[in-house]
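**Student:** Handing you this structure, nothing more for now.
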Amino acid sequence: MSSTDACRTARAALEEAFLERRTPGSEIRAHLDSCVACREVETELRAVAEALRALPAGAPPEPLIARTLLRGRAELSSQSPALARAGPLGPRLPRGFAGEFLRLFGVATAALPLVLVWNTLVLRLGGRLLAGFVPEPVLSVLAGAYLASVAGWMAFVYGSIPFVAHRRVQRATSEVTG
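Quick note, the sequence shown lines up with residues -4 to 173 if you use the working numbering.
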């Protein structure tokens, strides 16, 4: 190992020890005893550490504390008592979420029979159409893949209803409040 590699390794270990607030190992101490340049780096790091320790612990500015307290009190006082008693999820849900969720879920549920009838027709007519060209085992695999994709899309659509309802209520609230 050349002297520059040894110095590079020693300096990296010194910096790491400085950042982790620990003393360097015996190998690094041995290198520091023989290398003036690395000893100077150690001296500079010690000076930086002393300067940092001498700095007073800073407190946040008074205007920041006052603004934070004002906003916190305003937010706490604006919550309705019904939301405060709603339970662990209540305060997180915006006003009007339940109604919007039920409305969207009702529309999606009303369309469910049409979706099921359509997919049944696709499976039956598609199976008859392809029966002359495609072997029976392949048709079974195609039907299974189609059903899996339909189930995935239905899970996506019905699973996204709460997110859509939440977003619509938030957008409606922000449009009213500006």
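By construction, the Cβ of each residue, glycine as well, lies at the ideal position given by its N, Cα and C atoms.
(1) Would a C-beta distance cut-off of 8 Å place L27 and A5 closer than the cut-off?
(2) What is the rounded straight-line gap between the Cα of V112 and the Cα of R62?
(3) Helix, strand or coil for L88? Go by DSSP, reduced to three states.
(4) Scan the stretch 24 to 52 and note each continuous alpha helix (DSSP H) run of 4 residues or more that stays entirely inside, going in chain order.
(5) Using a Cβ-Cβ cut-off of 7 Å (strictly less than) and excluding sequence neighbours within five positions of P19, which residues of its own chain qualify?
(6) A150: buried (16+ other C-beta within 10 angstroms of its C-beta) or exposed?
(7) Is the beta carbon of P89 less than 8 Å from the beta carbon of Q165?
(8) At what residue ranges does the stretch 89 to 135 contain a whole run of the alpha helix (DSSP H), taking only runs of 4 or more?
(9) Three-state secondary structure (DSSP) at A69?
(10) To the nearest angstrom, how far is the alpha carbon of V133 from that of G121?
(11) Quick one: grab the DSSP three-state call for E11.
(12) Can C2 and A32 be called in contact, C-beta distance under 8 Å?
(13) Cα separation between A54 and E45?
(14) When burial is assigned at 16 or more other CB atoms within 10 Å of the CB, is I23 buried or exposed?
(15) Between E57 and L14, what straight-line distance do the alpha-carbon atoms span, to the nearest angstrom?
(16) Under a three-way DSSP split, which group does R166 fall into?
(17) Between E95 and R163, is the Cβ-Cβ spacing less than 8 Å?
(18) If you check the beta carbons only, do V159 and L109 fall under 8 Å apart?
**Tutor:** From the atom records:
(1) The residue given as residue 27 occupies position 32 in the sequence shown. The residue given as residue 5 occupies position 10 in the sequence shown. A contact, by the Cβ cut-off of 8 Å.
(2) As a first step, residue 112 is located in the sequence shown; it is residue number 117 there, counting from the start. As a first step, residue 62 is located in the sequence shown; it is residue number 67 there, counting from the start. Their Cα atoms are separated by approximately 59 Å.
(3) In the sequence shown, counting from the first residue as 1, residue 88 sits at position 93. Coil, per DSSP.
(4) DSSP runs (the alpha helix (DSSP H)) wholly in the stretch 24 to 52: 31 to 49.
(5) By 1-based counting over the sequence shown, the position of residue 19 is 24. The residues A8, L9, A12, in chain order, have a CB closer than 7 Å to that of P19 in the same chain once the five nearest residues on each side in sequence are set aside.
(6) In the sequence shown, the residue the question calls residue 150 occupies position 155. It is exposed - the Cβ of A150 has fewer than 16 other Cβ atoms within 10 Å.
(7) As a first step, residue 89 must be located in the sequence shown, where it is residue number 94. As a first step, residue 165 must be located in the sequence shown, where it is residue number 170. Yes, the pair counts as a contact, with Cβ atoms nearer than the cut-off.
(8) 92 to 125
(9) Residue 69 sits at position 74 when you count from the first residue of the sequence shown. Reduced to three states, the DSSP call for A69 is helix.
(10) As a position in the sequence shown, residue 133 is number 138, starting the count at 1. As a position in the sequence shown, residue 121 is number 126, starting the count at 1. So the two alpha carbons sit approximately 13 Å from each other.
(11) For this step, residue 11 is matched to residue 16 along the sequence shown. Reduced to three states, the DSSP call for E11 is helix.
(12) If you number the sequence shown from 1, residue 2 lands on position 7. If you number the sequence shown from 1, residue 32 lands on position 37. Going by C-beta atoms, C2 is nearer than 8 Å to A32.
(13) On the sequence shown, residue 54 is found 59 positions in, with the first residue counted as 1. On the sequence shown, residue 45 is found 50 positions in, with the first residue counted as 1. Each residue's alpha carbon lies about 20 Å from the other.
(14) Here residue 23 refers to the residue found at position 28 when the sequence shown is read from its first residue. Flag for I23 reads buried.
(15) Numbered from 1 along the sequence shown, position 62 holds the residue referred to as residue 57. Numbered from 1 along the sequence shown, position 19 holds the residue referred to as residue 14. Roughly 31 Å between the two C-alpha positions.
(16) Locating residue 166 in the sequence shown gives position 171, counting from the first residue. Reduced to three states, the DSSP call for R166 is helix.
(17) Residue 95 sits at position 100 when you count from the first residue of the sequence shown. Residue 163 sits at position 168 when you count from the first residue of the sequence shown. A contact, by the Cβ cut-off of 8 Å.
(18) Residue mapping note: residue 159 aligns to position 164 of the sequence shown, counting from 1. Residue mapping note: residue 109 aligns to position 114 of the sequence shown, counting from 1. No; because the gap between Cβ atoms is not below 8 Å, this pair is not in contact.
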